[in-house]
Structures are given as structure tokens and as C-alpha cells.
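Comments concern the structure below.
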Amino acid sequence: MNMNEKIKNRREELGFTLQEVGDYLGVSKATVQRYESGEIKNLKLESIEKLATILKVSPSYLMGWEESVKEQSNQIDTIAAHLEGKNITPQKMKLLEKYIDALFDDED
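Here UniProt numbering is used: the first residue of the sequence shown is 1, the next is one more, and so on.
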């Protein structure tokens, strides 16, 4: 699926209108429609970042560099399930954050 299809599919999944997305981006609904149709292919980084924010995905997902939204969501749900019902003190949260950072340090 290419970026224009991802934009349209995700917008529809979230129930946004072309006008709502356009208002958020500061462009007309016709411009958003042109993004979705593929007529406009080279979006500025700022536009991609704003689209990702309103569509609740990462810019990497829109660009095709990252796995699907559903797969990401499943991974987050799995992590949340492990933490559910646990008493996470501020100290434990700091340790958890440090551990997560350490896990992904080698990916930078």
C-alpha cells in the first residue's frame, strides 16, 4: 500500500472528513483529496508529520518504512497487558524507561 492509500484508509478508519484533515493541516479539502488520489506525490516533511499526527500513526508508517498500524497496536497491547494490575511506582517507571531505552540504543 502506498502513502496516498494509507492516508485515505487511515482517515476513513478514524472517521475524519477531508475538510477536518484539511483544517488541521491548513490546506483545502481539495488538497487532501489530491494527497489521497496520488496527484500530489511529493509532500513536504512538515505535511507528512502533521498528517501522521492527526492520523495517529508515525511518519515512518506513512512513508512505508515501518510495519502496519495494526501490528504496532498489537505490540503495544501486549506490553500493556504485562503491566496491567502492577503497582508501578515513579522509581519503577524510571527503571522501566531506562531499560526500554537501553534495549533500543543499538538501533540508532
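Beta carbons: idealized from backbone N, C-alpha and C, even for Gly.
Asked                                                                                                                   : Found
Nearest candidate by alpha-carbon position, reference Lys56, set Asp105, Lys92, Glu13 and Ala102                        : Glu13
Integer-rounded CB distance, given that Gly64 should sit under 8 Å from Met3                                            : 7 Å
Test item: CB-CB of Glu36 and Glu66 under 9 Å                                                                           : no
Terminal residues of the alpha helix (DSSP H) in which Met1 lies                                                        : That residue, Met1, is in no alpha helix (DSSP H); it is neither H nor E in DSSP.
Sequence-distant residues of its chain with Cβ nearer than 6 Å to Gly38 (five each side left out)                       : Asn4
Length of the line joining the Cα atoms of Gln91 and Ser58                                                              : 29 Å
Three-state class that DSSP yields for Phe16 in the structure shown                                                     : coil
Residues of its chain near Ser60, where Cβ-Cβ distance is below 8 Å and the 5 sequence neighbours each way are ignored  : Glu66
Complete runs of the alpha helix (DSSP H) confined to the UniProt domain "HTH cro/C1-type" (7-62) [at least 4 residues] : 18-25, 29-37 and 45-55
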